[in-house]
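Residue numbers (our numbering): 213 to 411.
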Amino acid sequence: MIRRKYSAIQLDALAEVGNIGAGNAATALSQMINRKVNMSVPAVNIVRFNEIFDTQESEERVISVIVRVLGDTPGNILFIFDDETANNMIELLTGKKEDKFSELGYSVLCEIGNIIAGSYMNAIAKFTNLLILPSVPAVADDMLGAILSTTFIESEQFNDDVLDIETIFQNDDDIKIGGHFYYVPKPGSLEKILSALGV
Numbered sequence: 213m214i215r216r217k218y219s220a221i222q223l224d225a226l227a228e229v230g231n232i233g234a235g236n237a238a239t240a241l242s243q244m245i246n247r248k249v250n251m252s253v254p255a256v257n258i259v260r261f262n263e264i265f266d267t268q269e270s271e272e273r274v275i276s277v278i279v280r281v282l283g284d285t286p287g288n289i290l291f292i293f294d295d296e297t298a299n300n301m302i303e304l305l306t307g308k309k310e311d312k313f314s315e316l317g318y319s320v321l322c323e324i325g326n327i328i329a330g331s332y333m334n335a336i337a338k339f340t341n342l343l344i345l346p347s348v349p350a351v352a353d354d355m356l357g358a359i360l361s362t363t364f365i366e367s368e369q370f371n372d373d374v375l376d377i378e379t380i381f382q383n384d385d386d387i388k389i390g391g392h393f394y395y396v397p398k399p400g401s402l403e404k405i406l407s408a409l410g411v
């Protein structure tokens, strides 16, 4: 299938919504840990599925929070980060450093991913008046290639356009919470969002 080209105006609109979503997520994380969390402006791109493999090693083991999106814009959300970042997030919220991920650790990661994914999707829903319903999150601990391939198949994604929002959060101790937020839409979902945004 021929890949549609997206304009700078469309990417700017997605970035604006992404900024608002990230700001809401930073506020929610700050309230959770009772400490200020700073947010860096996310880089927003629409990339080909195989470009994700080009920027990260497909055989690299990663932690991913997976959220299914239901409603008007079905698809899957992935929030991906490496072990170091995942451990930093767990330590930030529990005060304990883990050598090996525990059930509590995975639960913490789920909650953080839930907040971030929910904040982004709520921002999109607010601006578009579309019905967007994130599901209960799940954690996957696997090779990047396996996670992406499974998600891609489940999303019935054929035109291979993926929304990539790079998001970085930092607290006052410079502990970084960040990673790649991928929205893997079913065909037509991304176009529906852009149309509702008026671009």
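Beta carbons: idealized from backbone N, C-alpha and C, even for Gly.
Check: Considering Leu282, what are the terminal residues of the beta strand (DSSP E) in which it resides?
Finding: Arg273 to Gly283
Note to self: Please return the same chain residues whose Cβ sits closer than 8 Å to the Cβ of Ala335, not counting the five positions on each side in sequence.
What the structure shows: Val229, Gly230, Ile232, Gly233 and Asn236
Checklist line | Selection from Glu303, Glu310 and Val277 that minimises the alpha carbon distance to Gly330 | finding: Val277
Notebook entry, point to check: With a cut-off of 8 Å, do at least 3 Cβ pairs link the stretch 372-382 to the stretch 246-258?
Noted result: yes
Check: Going by the beta-carbon positions, is the gap between Thr340 and Ile405 smaller than 8 Å?
Finding: yes
Next item on the list: Put Gly410 into one of helix, strand or coil per three-state DSSP.
Entry: coil
Item checked: Per-residue DSSP class, three states only, for Glu310 -> coil
Next item on the list: Answer with yes or no whether the minimum CB distance from Leu316 to chain B is below 8 Å.
Entry: In the displayed structure, chain B is absent; only one protein chain is listed.
Next item on the list: Pair every Cβ in the stretch 344-355 with every Cβ in the stretch 236-253, then say whether three or more of these pairs are closer than 8 Å.
Entry: no
Next item on the list: Determine the DSSP secondary structure at Leu321, reduced to helix, strand or coil.
Entry: helix
Checklist line | Cα-Cα separation between Val274 and Thr285, rounded to whole angstroms | finding: 26 Å
Check: Thinking C-alpha only, which one of Pro399, Thr306, Asn299 and Ala408 is nearest Gly391?
Finding: Asn299
Check: Under three-state DSSP, which class holds Tyr218?
Finding: coil
Margin query: Going by beta-carbon coordinates alone, are Met424 and Leu305 separated by less than 8 Å?
Written below: In the structure as shown, the chain begins at 213 and stops at 411. Residue 424 is therefore absent and cannot be evaluated.
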